[in-house]
Amino acid sequence: MASLGELERAVMDLLWAGQEAATANKLRDLLAQDSAAADGIAGHQGKDLAVTTVLTVLSRLEKKGLVERERGTRPHRYQAVSSRADHTADLMHEALGSAPDREAVLARFIGSVSESEAATLRKLLSKN
59 MASLGELERA VMDLLWAGQE AATANKLRDL LAQDSAAADG IAGHQGKDLA
109 VTTVLTVLSR LEKKGLVERE RGTRPHRYQA VSSRADHTAD LMHEALGSAP
159 DREAVLARFI GSVSESEAAT LRKLLSKN
């Protein structure tokens, strides 16, 4: 699973936060409204972000399998394929799968979580 660039991450954050599919224009407007986030995107001022740039990002995200475009609508509307939690779990599983010493990675991870997170892990593991 490919990592996300700053603008890709900002667009995904908006799609994950939204309750429905959004057009590129709507996403561009939302990016412009969140000037703190938009100003943090390398090379982009939120209010100066072109809708074509957002469309390019959406196309890349679609190729990565992270968003889908609703067919038969004009303008096209986009939505996240999976939830933020599912995406994060996929990234964690991929990282673990690429490690030569999975036990060491798991030990390091468990050592870095808070006590409440560790309790949640114990509870979830006891269910499976």
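In short: position in the sequence shown from 1, add 58, done, that's the working numbering.
Every residue, glycine too, gets a C-beta built ideally from N, C-alpha and C.
Quick check on the burial criterion: 16 or more other C-beta atoms within 10 angstroms. Buried or exposed for residue i?
{"i": "Glu-66", "result": "buried"}
{"i": "Leu-85", "result": "buried"}
{"i": "Val-125", "result": "buried"}
{"i": "Leu-164", "result": "exposed"}
{"i": "Val-171", "result": "exposed"}
{"i": "Leu-149", "result": "exposed"}
Bridge partners for residue i per DSSP, in chain order?
{"i": "Thr-81", "result": "Arg-135"}
{"i": "Arg-127", "result": "Tyr-136"}
Report the option in the options whose CA atom is closest to the CA atom of residue i.
{"i": "Leu-89", "options": "Ala-177, Ala-68, Glu-175 and Leu-113", "result": "Ala-68"}
{"i": "Trp-74", "options": "Val-139, Gly-130, Asn-83 and Arg-129", "result": "Val-139"}
In whole angstroms, what is the alpha-carbon distance linking residue i and residue j?
{"i": "Arg-135", "j": "Ser-156", "result": "35 Å"}
{"i": "Gln-137", "j": "Ala-80", "result": "7 Å"}
{"i": "Thr-110", "j": "Gly-76", "result": "21 Å"}
{"i": "Lys-181", "j": "Glu-173", "result": "12 Å"}
{"i": "Leu-183", "j": "His-145", "result": "20 Å"}
Beta carbon of residue i, beta carbon of residue j: below 9 Å?
{"i": "Leu-116", "j": "Arg-127", "result": "yes"}
{"i": "Ala-176", "j": "Ile-168", "result": "yes"}
{"i": "Leu-107", "j": "Met-70", "result": "no"}
{"i": "Ala-82", "j": "Leu-62", "result": "no"}
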